[in-house]
Amino acid sequence: METIRLLDLVDVAIFDYLIQNGDRHHNETREERVVLIDNGKAFGNPNKDHLDILAPLYQCCLIQKSTWDRLQVCRGGKSSMLSMFFDV
575 METIRLLDLV
585 DVAIFDYLIQ
595 NGDRHHNETR
605 EERVVLIDNG
615 KAFGNPNKDH
625 LDILAPLYQC
635 CLIQKSTWDR
645 LQVCRGGKSS
655 MLSMFFDV
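Here our numbering is used: position 70 in the sequence shown is 644, and no number is missing along the way.
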């Protein structure tokens, strides 16, 4: 269970990086799932990337396959963005 939770927190870091949310103070959980709250500073300066948001990824160096697959879809590496949401 701890490994899954750790990988969930890495997912949160990746999501925060994508929306440039550098002010997540803590992570909430409900029924063993991470709940994302506190996106007050999201979508900041589009010309500046804050790499420190990815600190959990640097420390863990692991990513869930499902997360990797979704990131590949987002960059155009698979069929289309629609496949993230619909069976195409």
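C-beta: ideal position from N, C-alpha, C; glycine also.
Relative to the C-alpha of Ile611, which residue among His600, Asn621 and Asn619 is closest? His600
Mind checking whether Cys634 and Leu581 have CB atoms under 9 Å apart? yes
Taking the alpha helix (DSSP H) that Arg644 falls in, what are its first and last residues? Lys639 to Cys648
Helix, strand or coil at Arg579 according to DSSP, with G and I counted as helix: helix
Check the C-beta distance from Ile588 over to Ala616 and give it rounded, since I have them as a contact under 8 Å. With 8 Å as the limit, Ile588 and Ala616 do not qualify as a contact, their Cβ atoms being about 14 Å apart.
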